[in-house]
Amino acid sequence: AALPDSLLESELFGHEKGAFTGADRARIGRFEQAAGGTLFLDEIGDISSATQAKLLRVLQEKSFERLGSNASIKVDVRIISATNKDLRKAVREGEFREDLYYRLNVMIIQVPPLRDRLEDVPLLAAHFIKRYAERFNKDISGIDAEAVHLLGKQTWPGNVRQLENVIERAVILEKTDTVQVNTVSRCLPPSDETSFRYFVYDGVPFQKAKKDLVDRFERDYITRMLEKHRGKIVDAAREAEIDYKNFCEKMKRYQLSKWDFKE
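First residue of the sequence shown? That's 93 in this note's numbering, and the numbers climb one at a time after it.
As structure tokens, this is what we get:
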């Protein structure tokens, strides 16, 4: 939903050759691909009013046109959507169509933030360790108890996405067959005295410890700016008085995504 309207609509509905600049060939969209099945639309609260209107029409009439075409395509698709916004508030404030809201609002499943279900952290951590160990061909089969304890002490403003990114980094950095607490600590912004202690007193040579602590300060600072501005990079970079391009390079270096902070 962060895509420009033309690209998002192309993704959803497809397009004909020449429908817009760069459309050098026709392609089918997600609705056609999902015909007779289920289509998941993430961040539904972020789509523009124009795209909301087109989506509503598909739900009402079960038909649409590809970009650049007048030919109507019939489709029968079940929609599952997700958002981190209060859509009822968005409707009241005129930011989200009321008719579309009630079309989508057949059944609501409220997923509580990760901080309210910390008992899920060990299971999620194990799941992500298995996924990324396979992806990066690492011989890692588990996580030690201290590392699980440290993960359980975090507030996780970015919810499961943030935990997944932490575990992905930890798997990349880990040199043993079990994710260790010091590895996890290096992947987290320092949140308390305990995590700082885990990091500093682990037999790390002075110069390496100094470099790693500077890196942790940068990662923590960038993280807190993104938390404050809910993932809005332009606003975060402006307050930090860091050039936008430089800010983005630091985000890439520390594997930070704006989506981790859009709560």
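Even for Gly, the Cβ is constructed at its ideal location relative to N, Cα and C.
Segment limits, alpha helix (DSSP H) that includes residue 238
That run of the alpha helix (DSSP H) goes 237 to 244.
When the distance is taken between beta carbons, is residue 158 closer than 7 Å to residue 101?
Cβ atoms of residue 101 and residue 158: not closer than 7 Å.
Please return the same chain residues whose Cβ sits closer than 6 Å to the Cβ of residue 254, not counting the five positions on each side in sequence.
In the same chain as residue 254, and ignoring 5 residues on each side of it, the C-beta atoms closer than 6 Å to its own belong to 248, 352, in chain order.
My assumption, with CB atoms under 8 Å, is that residue 273 sits in contact with residue 242. Please give the rounded CB distance.
About 6 Å separates the beta carbons of residue 273 and residue 242, which is inside the 8 Å limit, making them a contact pair.
Inter-residue spacing [alpha-carbon to alpha-carbon] between residue 214 and residue 269:
Answer to the nearest angstrom: the Cα atoms are 17 Å apart.
What is the rounded straight-line gap between the Cα of residue 210 and the Cα of residue 136?
Each residue's Cα considered, the two are about 26 Å apart.
In chain order, what residues of the same chain lie with their CB nearer than 8 Å to the CB of residue 190, ignoring the 5 residues before and after it?
Result list for residue 190: 183, in chain order.
I need the DSSP call for residue 136, collapsed to helix, strand or coil.
The DSSP-derived three-state label of residue 136 is helix.
Count the CB pairs spanning the stretch 158 to 169 and the stretch 114 to 129 that are closer than 8 Å, and state whether there are at least three.
Taking a cut-off of 8 Å on C-beta distances, the stretch 158 to 169 touches the stretch 114 to 129, as three or more cross pairs fall below it.
Give the range of the beta strand (DSSP E) segment to which residue 164 is assigned.
Here the beta strand (DSSP E) through residue 164 covers 164 to 166.
Helix or strand or just coil, what does DSSP make of residue 321?
Residue 321 falls in the coil class under three-state DSSP.
In chain order, what are the residue ranges of uninterrupted alpha helix (DSSP H) at least 4 long that sit wholly in the stretch 248 to 277?
If only uninterrupted alpha helix (DSSP H) runs of at least 4 residues are considered, those enclosed by the stretch 248 to 277 are 251 to 265.
The alpha helix (DSSP H) that contains residue 233, what's its start and end?
The continuous stretches of alpha helix (DSSP H) do not include residue 233, and DSSP gives it neither H nor E.
So the alpha helix (DSSP H) residue 122 belongs to, where does it begin and stop?
122 to 125 is the span of the alpha helix (DSSP H), which, as asked, contains residue 122.
Can you find the residues in the same chain that come closer than 7 Å, C-beta to C-beta, to residue 262, ignoring five residues on each side of it along the sequence?
Closer than 7 Å at the Cβ level, and outside the excluded window around residue 262, lie 271, 275, 276, 279.
Return yes when the Cβ of residue 225 is within less than 7 Å of the Cβ of residue 232, no when it is not.
The Cβ atoms of residue 232 and residue 225 lie closer than 7 Å to each other.
To the nearest angstrom, how far is the alpha carbon of residue 194 from that of residue 217?
Computed Cα separation, rounded: 36 Å.
How many whole angstroms separate the CB atoms of residue 165 and residue 155, which I take to be in contact at a CB cut-off of 8 Å?
About 6 Å separates the Cβ atoms of residue 165 and residue 155, confirming a contact at the 8 Å cut-off.
Classify residue 443 as buried or exposed, calling it buried when 16 or more other Cβ atoms lie within 10 Å of its own Cβ.
No answer is possible for residue 443: it lies beyond the span of the chain, which begins at 93 and ends at 355.
Taking the alpha carbon of residue 321 as the reference point, which residue from 238, 250, 198, 180 has its own alpha carbon closest?
Of 238, 250, 198, 180, the residue nearest in Cα terms is 250.
Just reading off the alpha helix (DSSP H) that residue 105 is part of, what are its end residues?
It spans 97 to 105 - the alpha helix (DSSP H) in which residue 105 sits, taken as one unbroken run.
Taking 6 Å as the limit between beta carbons, can you name the residues of its chain near residue 192, skipping five residues before and five after?
Its chain contains 144, 148 as the residues whose beta carbon lies nearer than 6 Å to that of residue 192, once the 5 sequence neighbours on both sides are disregarded; these appear in chain order.
Which word fits residue 206, buried or exposed, when buried means at least 16 other C-beta atoms lie within 10 angstroms of its C-beta?
By the neighbour-count definition (other C-beta atoms within 10 Å, threshold 16), residue 206 is a buried residue.
Measuring only the C-alpha atoms, how far is residue 146 from residue 203?
Those two C-alpha atoms are separated by around 27 Å.
Looking at the unbroken beta strand (DSSP E) that takes in residue 172, where does it start and where does it end?
According to the DSSP assignment, residue 172 belongs to the beta strand (DSSP E) that extends over 170 to 173.
Taking the CB atoms as reference points, tell me whether residue 325 and residue 302 lie closer together than 7 Å.
Their beta carbons are not under 7 Å apart, which means residue 325 does not touch residue 302 by this criterion.
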